[in-house]
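In case it helps, mature numbering (1 follows the signal peptide of the UniProt record, and there is no 0) puts the sequence shown at residues -23 to -1, 1 to 1016.
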Amino acid sequence: MGFARASILIAVFLYVCITITSAKSVYECSKNGCRFEVQREGVNEDGNLTFVFTAGTGPIIVEFSKSILPSIPTSLFVGDNGNRINGLYVLATGLLAIHPDTFAQAHALEKLNLDKNLIKELDRHSFADAKNLTTIEIRVNQITAIAESTFQGLSRLEDIDLDKNNIRKLPSKLFAGLRNLQRISLAENRIRELEDHLFDDLLALEVLSLGKNDIEKLNSNVFTGTPQLQTLDLQGNRISSIDPKVFKPLSELAYITLNSNNLKTLPPETFSSLSLLAYLDLGNNLLQELPTELFRDTVNLESLNLSNNSITHLDPDTFRTLKYLERLELQHNRLQTLDEALFNRLTELDFLQLENNDLRHIEPGTFDQLKKLTRLILDNNGITKKQLEVLELDGNEIRTIDDDVFCAHKQLETVTLKGNNLTSVHPEAFNCLKRLQNLNLSGNRLQNISLSLESLTNLDLSNNRFRNLSENLFLGLKNLGELNMDSNHLEAIPKGITKLPSLRTLSLRNNKINSTSVDKRWPGLYRLYLSNNEIEHISVAQYPSLQKLDLDKNRITDIQRDTFAETMYLRELNLAEKSPYRTTGTPVSTLCVKPPIGWESSEYYYKSFVCNFKLFKQRLLSLKNTGLSSLGNGSIGHPPILETLDLSGNTISQIKGNHLDRIDELRRIYLNNNNAHSIEDLSGLNKFNQLEVISISADSWRVPYNFLENKTSLKELYMQGTRDSSLPADFFQPCFASLEVLTISYNNELSTLPKHFLKDVPWLQKLTLSNNNLNTLEPKVFDPVFILKYLDLSSNPLKTLDKDLFQEISRLATLKLQNIKVSNLPIGIFDSLDQLVTLDLSSNQLSTLPNGIFRNLFSLESLSLENNAIGLLDPAVFEGAFRLKSISLGHNKLTTLNPQLFSNSLRIDTLDLGYNKFVTFDLTTTGFQDRLKTLIVDGNGLTSLKITPTLQTLSAAENQLSTIEINQTEGSSSVLTQLSAQRNRFTNFNNFVQFKSLVYLDVSYNDFSELDIGTISTKLQGLRELNRILLIWIFRTII
């Protein structure tokens, strides 16, 4: 790059001049807010940089943006500059270090922001001469070490923010003397220990954020010296023990988060000094019980989160002093009972969550004292529901429905009768169903119908024989929000539909409608689908709130001027496929297609699209799937500033400069699923330096070498189907400060990633490199992208992975390694990934898993190992992954599980063992029998299966089962709600009636000789969904 390409100056509020000589670069700014662009590779060029501020008086704020700046020029503060610059912002410039003399003359500096740079350490006295500093923000850097005297002498300092670095240790005297400090934020670092008296003398400290570190314990003297602390964030650490005296000095504390730690127990006096505490989050820990006195002194508590623990019981006095509590979260625990006095004192409670527990029964009066409760959530417990809520009778031979046929099931919310032979429905057939919301009568022979259901919100009458509808047909449907009348014989939009006060979506596709007009203004309609009708003229002034309009496959020949003048909210307009257009009037407010010379035919299959569509407030133009193969000169004209242009699903091979020359500014462009053989020219995108999203996918195309030359604002780049074996060394450099999402996929030429491939995109958060031909990854290739959250390397022939490959991307939350041909995993490869939540290792060639491979995956919740060749699992293999909730081991070679497997995984609730080689399976012998909620054992050839009463979902299809054993008692009856047991050897229904909580049951393709409908309806009163065969039997008995 070099000095010859020197420097560019941009002023934030006014453009000012810049003078460049052969020896110096002079930056001059005439305002009090100055933004400079500086491109400088060397760190010793300070003598060549001069900054002149000509604003008369007042402090100056300086910002360096879109710059390459390895170090802050000391010349910035030379002379009177140091007495005037009170704010300095150097963001994402590639800053490598803070030198000892950087701020030697920064006498007036108060606010310093160095976010998103590459600083690795803070030396002693880094800011010593900037004694007026009040705020230091150095987030998202690579700081690993801080000298003890880094902040020494900064007596005016109020705010320190060092979030998202790699700090491992805080020196004992780091904050000494900072008596005006009000806020410290050190979230998302690697801090393991907090020394005693670390925060002494911080008499003004109000906020302390230490979330998402590696802290393991809290000693008694950690927070002494912080009497004014009000907010303490400790979430997402590894805290397993808390000294009972640790919070004693914090009498002013109002807000504390301890969620997502490893707490198993809490001393009764932990919060005894926190009488002003209003918010406490203990969710997502490992708590199994709570001391009765734990909340005795937190009398002002307003919000308490205890969700996602393993609590089995709560003493009736647990919450007795919390008379101001408004929100209580107890979901995702293992509560089996609730004492009827548990909530008696919570008179202010507004919100109570109890879903996903093991509650079987709730005593009468349990919630009687909760007079202000507005929301109570009890989903997914073992509480039996007595009424059928969903009835599906699709694909039968039903011809009529009488007036009282559904009255035995008044709690029905959904009824579907699609694909029958209905010719009539009694006007009062559904009147008993006061809770009915969804009614599907599609695919029948109805020509008329009368409905009066105030509760109905969704009605499907498609594929019937409606031709003319009475104006009063839908008068009773006051809450209907969506109506589908596709594929009927309608010739106009029915007048009765316009009287529906709540209708927001209307679908009339595949009819014979010839006009969009209605006889009255319809401000409530948002979405109108009129595809494949006989419309010749567009009139939409009656729909002022319309957001989406589909008019493709019609006979439109004319689009008048100002056709869309009244549709100020229109976001998506579809006029695609085989629509002949002739334009009239001036094109300023017109969507127009320029016909080829000599066009006179009534059918014009347009392939070249020229448009002058005024979008008013809209900023999106979608031309997806319109059959376009090319864009004419000046194709798309208005507005000059367009946020999004979507050209996906066409056969465009070129976007030249003159194609988009009437658009001045474009933020997002999509050219996905492009079916052209290749894309030859993308020069039309060169002018748009404000592009934020570029997404291109085609069968074959090559990336221009200058593709990103001026894309300094680009945030997301998707390139699929390219044929480039490599990219230029500085390809990503223009978007150094901005790129956050990168996808390069389906490139068979890409086989290696050089070590420095990602050096210019350090702020990437999501990287997808799937479906390429990668066979080699350099050990340090991912080191530059140190804040990466998501990485997908799936479907590449990698075969081996280096042990240190992921060492520097410790913030990774999702890692996908599906189908990369690996047969073994080196110990230590995942050791740095203690924030990983999802790991996919499916479809590989793994036959064994070494002990210790998951030892540091403390945050792992979902693990997929399906479709490998694993035959045996050592009980210690998952040690360390104690937050594991869901594991997929389907399609392996397992024949048995060691009883101690998952014994330390206190959260495990979903296990997939489908398509292995089990002959028998006994859940009651495992170490996780009471924790598991979902078990999948399809396709094993099982002849014997025993489950626990706490299991909620079981899928055991394609086995040899004739019975399912369960050892339930009167006090521990089964809470199984969903059972799939199709394609087995069951001969009678008696085995299923023991599961009295069943809501869904599929036992199709078994060996039943008869069904006792009376037994089914009596014993399984909670059943809401049966497979179709059983529903037919039940319905026929009703009729």
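Think of the CB as a built atom: it goes at the ideal place given N, C-alpha and C, for glycine as much as any other residue.
Same chain only: Cβ atoms within 8 Å of residue i, ignoring 5 sequence neighbours per side
{"i": "residue 475", "result": "495, 496, 497, 499"}
{"i": "residue 997", "result": "969, 970, 972, 973, 975, 978"}
{"i": "residue 880", "result": "852, 904, 905"}
{"i": "residue 489", "result": "466, 467, 468, 510, 511"}
{"i": "residue 766", "result": "742, 743, 788, 789, 790, 791"}
Contact under 8 Å by Cβ, residue i with residue j
{"i": "residue 747", "j": "residue 771", "result": "yes"}
{"i": "residue 63", "j": "residue 85", "result": "yes"}
{"i": "residue 885", "j": "residue 900", "result": "no"}
{"i": "residue 13", "j": "residue 52", "result": "no"}
{"i": "residue 952", "j": "residue 337", "result": "yes"}
{"i": "residue 456", "j": "residue 432", "result": "yes"}
{"i": "residue 71", "j": "residue 94", "result": "yes"}
{"i": "residue 895", "j": "residue 872", "result": "yes"}
{"i": "residue 672", "j": "residue 692", "result": "no"}
{"i": "residue 181", "j": "residue 159", "result": "yes"}
{"i": "residue 134", "j": "residue 113", "result": "yes"}
{"i": "residue 30", "j": "residue 58", "result": "yes"}
{"i": "residue 507", "j": "residue 480", "result": "no"}
Nearest neighbour of residue i, chosen from the options [CA to CA]
{"i": "residue 357", "options": "923, 980, 997, 976", "result": "976"}
{"i": "residue 304", "options": "353, 858, 87, 461", "result": "353"}
{"i": "residue 642", "options": "763, 664, 393, 649", "result": "664"}
{"i": "residue 626", "options": "645, 640, 601, 608", "result": "601"}
{"i": "residue 964", "options": "981, 949, 42", "result": "981"}
{"i": "residue 367", "options": "919, 344, 483, 394", "result": "394"}
{"i": "residue 877", "options": "871, 890, 893, 905", "result": "905"}
{"i": "residue 222", "options": "343, 251, 711", "result": "251"}
{"i": "residue 195", "options": "181, 204, 212, 892", "result": "212"}
{"i": "residue 929", "options": "915, 242, 908", "result": "908"}
{"i": "residue 821", "options": "124, 869, 202, 859", "result": "869"}
{"i": "residue 290", "options": "403, 313, 373", "result": "313"}
{"i": "residue 882", "options": "262, 42, 510, 232", "result": "262"}
{"i": "residue 863", "options": "846, 842, 874", "result": "842"}
{"i": "residue 651", "options": "662, 529, 623", "result": "623"}
{"i": "residue 540", "options": "514, 255, 984", "result": "514"}
{"i": "residue 504", "options": "524, 918, 516", "result": "524"}
Beta strand (DSSP E) segment containing residue i, residue limits
{"i": "residue 506", "result": "504 to 506"}
{"i": "residue 524", "result": "Note, residue 524: premise wrong, no beta strand (DSSP E); not H, not E."}
{"i": "residue 929", "result": "Taken as a continuous stretch (DSSP letters only), residue 929 belongs to no beta strand (DSSP E), as it is neither H nor E."}
{"i": "residue 371", "result": "Per DSSP, residue 371 belongs to no beta strand (DSSP E) and is neither H nor E."}
{"i": "residue 201", "result": "Where residue 201 is concerned, there is no enclosing beta strand (DSSP E), given that its DSSP letter is neither H nor E."}
{"i": "residue 817", "result": "815 to 817"}
{"i": "residue 921", "result": "921 to 924"}
{"i": "residue 437", "result": "435 to 437"}
{"i": "residue 893", "result": "Where residue 893 is concerned, there is no enclosing beta strand (DSSP E), given that its DSSP letter is neither H nor E."}
{"i": "residue 177", "result": "First-last for residue 177: undefined, no H or E at that position."}
{"i": "residue 740", "result": "Unbroken run through residue 740: none, as it is neither H nor E."}
{"i": "residue 349", "result": "Element bounds for residue 349: n/a, residue is neither H nor E."}
{"i": "residue 1036", "result": "Within the shown structure, residues of the chain are numbered from -23 to 1016, placing residue 1036 beyond reach of any answer."}
Residues near residue i by beta carbon distance below 7 Å, same chain, minus five either side
{"i": "residue 944", "result": "901"}
{"i": "residue 677", "result": "654, 655, 698, 700"}
{"i": "residue 681", "result": "659"}
{"i": "residue 595", "result": "Reliability of the predicted coordinates at residue 595 is poor, the pLDDT of 45 falling under 50, and the value obtained from them is presented with this limitation in mind. Here the set comprises 547, 548."}
{"i": "residue 442", "result": "422, 423, 424, 465, 466"}
Close beta carbons around residue i, own chain, < 6 Å, minus the five adjacent residues each side
{"i": "residue 819", "result": "795, 841, 843, 844"}
{"i": "residue 19", "result": "Here residue 19 scores only 48 on pLDDT, less than 50, and its place in the model should not be relied on; the value that follows carries that caveat. Excluding positions up to five away in sequence, the list is empty."}
If we count Cβ pairs, one from each stretch, closer than 8 Å, do we get three or more for the region 407 to 426 versus the region 385 to 399?
-> yes
Stretch-stretch touch, CB-based, cutoff 8 Å, three pairs: the region 794 to 806 with the region 172 to 180 = no
Answer yes if the region 291 to 300 comes into contact with the region 273 to 282, meaning at least three C-beta pairs across the two stretches below 8 Å, and no otherwise.
-> yes
Using 8 Å as the threshold, is the region 732 to 749 in touch with the region 707 to 721, meaning 3 or more CB pairs across them?
-> yes
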